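In our numbering, the protein residues as written are 198 to 447.
We treat Cβ as the ideally placed atom computed from N, Cα and C, and that holds for glycine.
Small disclaimer: the values here were computed from a predicted structure and weren't measured.
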Amino acid sequence: MPKQRPYTLTIAGFDPSGGAGLTADIKTFETLKVQGLNVCTAITYQHESEFEGLDWLNVEQLECQLTILLRKYKVPFAKIGLVPSMEILQQIIKLMQKLSPDTKLIWDPILKASAGFTFHEQVQAEQLKKLCKQLYLITPNWLEMQQLMPDTPAPEAAAQISQHCHVLLKGGHNQEKPGYDYLYYKGEAKPFRPKQQVQIGKHGSGCVLSAAITALLAKDYPLHKACRKAKDYTTRFLNSNSTLLGYHHF
């Protein structure tokens, strides 16, 4: 009998192209051999190169989804993706604390669709720090970190936030060292250099990375090793073909 796989949870939007959001997360979970659960925050109308809009699910609908899942399954790690506001993010965190208090939360701060649609208004720094005290890890890219704290350079902002939770600052938009990621905690940074050159970007690559980290943490990898292996997985995903929709079975 095969070994029971650990459960993981993604709380994110539905992308009908399958490239980002819930479907990308579930593909990643399955490839990395964890059992993926999912809660839908929004129905989006998009494909890999065009975004036309979305409809948000309300908090009551999110609670119904979470309640029935967490009543049955023990989830050590969960990731949160697309949400409409910091207020809703806080409500989701509170629901998780009530329904599954031992679950560690990873937040992938999706602030803008790759086609240009912006989801969040500007975030207050103190509000952000308060939220991060309740999280295990956040995974912003360079531009998202600057959007979250616009008056502070991205590395300094990541170092500040890392006083409250781990921060993986993704380096795809880092002009000085493209592709270098940095894992921050308590102001200290551990670099992860790219092992391969990325040939072409992919729709949903940030979702894939955060889902891979979530899966590997659920398999008891320490955080720095989970980040390293997830980066390697995402690089293979990015280089899997010449389109904007990547493959998960390499």
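Asked, Found
"Report the start-end ranges of each alpha helix (DSSP H) in the stretch 205-267 that is 4 residues or longer and not cut off at the edges.", "218-228 and 256-267"
"Could you check if Ser439 is buried or exposed, using at least 16 other CB atoms within 10 Å of its CB as the buried criterion?", "exposed"
"With distances taken Cα to Cα, identify the nearest neighbour of Tyr333 among Gly398, Ala275 and Gln287.", "Ala275"
"Determine whether the beta carbon atoms of Val184 and Ala412 lie at a separation below 8 Å.", "Outside the modelled stretch of the chain, which goes from 198 to 447, sits residue 184, for which no answer is possible."
"CB-CB under 8 Å to Pro213, same chain, minus the five flanking residues each way: which ones, in chain order?", "Thr241, Tyr242, Gln243 and His244"
"Under a Cβ-count criterion, where at least 16 other Cβ atoms within 10 Å of its own Cβ denotes burial, should Lys271 be classed as buried or exposed?", "exposed"
"Considering only their Cβ atoms, is the gap separating Ala209 from Asp222 smaller than 8 Å?", "yes"
"How would you call Lys200, buried or exposed, if buried means at least 16 neighbouring beta carbons within 10 angstroms?", "exposed"
"Would you say Val256 and Gln288 are within 8 Å of each other, going by their C-beta atoms?", "yes"
"Between which two residues does the alpha helix (DSSP H) carrying Tyr430 extend?", "Leu420 to Leu435"
"Find the nearest neighbour of Pro391 within the set Asn338, Thr300, Gly369 and Thr336, judged by alpha-carbon distance.", "Gly369"
"Any idea if Ser264 is buried or exposed, counting beta-carbon neighbours within 10 angstroms, 16 or more meaning buried?", "Looking at the sequence itself, residue 264 is Thr, so the reference to Ser does not match. Burial call: exposed."
"Using the beta-carbon count (16 or more within 10 Å), is Asp305 buried or exposed?", "buried"
"My assumption, with CB atoms under 8 Å, is that Pro203 sits in contact with Ala423. Please give the rounded CB distance.", "About 13 Å; that fails the 8 Å criterion."
"Please classify Cys362 as buried or exposed, where buried requires at least 16 neighbouring CB atoms within 10 angstroms.", "buried"
"Can you tell me the Cα-Cα spacing of Met283 and Gln331, whole angstroms?", "13 Å"
"CB Lys224 to CB His445, shorter than 8 Å?", "yes"
"So, are the CB atoms of Leu365 and Val395 less than 8 Å apart?", "no"
"List the DSSP bridge partners of Ala355.", "None, per the DSSP bridge assignment."
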